[in-house]
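Chemist: Got a structure for you, questions after.
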């Protein structure tokens, strides 16, 4: 059996007055994604999702209301990249290292205090709150578009 990483996380949303979801920008890849991280064997996905949310945003378990009934899995094979100068002078992204497949498991969490301040970890360079539609439109990967759409539909947002 092939080894795979489990990466539980939360689609954290707030209502101000319109619902918005939190996206974090990876310092390493510059990609935007919901908070989440790696689980070790024997660890429970929901527990790790809460722990990672706290490590990456400063939001504690008391800050996030777990929304029962929502669970979305994304399966992908990550690739690490370096940037190199092409012969024409443009910068290209080049694959240098393949990793084991990842099964990301996302849950839905409502931020109890929509004004709660974020404390970013060193792993992220920025954050933004986006409405569901804007998050769907600007997501680079189809899996994230689907995740945000499923969360929006689950919350019955128009």
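Residue numbers (the working numbering): 9 to 166.
We treat Cβ as the ideally placed atom computed from N, Cα and C, and that holds for glycine.
Please read all numbers here as calculations on a predicted model, not as lab measurements.
(1) In angstroms, rounded to a whole number, what distance separates the CA positions of residue 16 and residue 80?
(2) For residue 116, which residues in the same chain have their Cβ closer than 6 Å to its Cβ, ignoring the five residues on either side in sequence?
(3) Judging by CA-CA distance, which residue of 12, 26 and 134 is the nearest neighbour of residue 49?
(4) Relative to the C-alpha of residue 31, which candidate in 144, 68 and 108 has its C-alpha closest?
(5) Please report the straight-line C-alpha distance between residue 56 and residue 138, rounded to a whole angstrom.
(6) Could you give the distance in angstroms between the alpha-carbon of residue 134 and the alpha-carbon of residue 95?
(7) Which residue spans inside the region 42-88 form an unbroken alpha helix (DSSP H) run of at least 4?
(8) Considering just the uninterrupted stretch of the beta strand (DSSP E) at residue 18, what are its terminal residues?
(9) Straight-line CA distance for residue 21 to residue 63?
(10) Going by Cα to Cα distance, which pick from 42, 36 and 37 is closest to residue 155?
(11) Once the 5 residues before and after residue 24 are set aside, which same chain residues still bring their CB inside 7 Å of it?
(12) Output the distance between the C-alpha atoms of residue 113 and residue 68, rounded to the nearest integer angstrom.
(13) Where residue 52 and residue 35 are concerned, what is the direct C-alpha to C-alpha distance, given to the nearest angstrom?
(14) To the nearest angstrom, how far is the alpha carbon of residue 109 from that of residue 45?
(15) With a threshold of 16 other CB atoms inside 10 Å of the CB of residue 83, please say whether the residue is buried or exposed.
(16) Does DSSP put residue 158 in a helix, in a strand, or in coil?
(17) Within the same chain, show all residues whose beta-carbon is closer than 7 Å to that of residue 73, passing over the 5 residues directly before and after it, in chain order.
Modeler: So, to answer that:
(1) 10 Å
(2) 19, 75, 78 and 159
(3) 12
(4) 144
(5) 24 Å
(6) 32 Å
(7) 53-65
(8) 13-23
(9) 17 Å
(10) 42
(11) 122
(12) 19 Å
(13) 27 Å
(14) 14 Å
(15) exposed
(16) helix
(17) 117, 118 and 120
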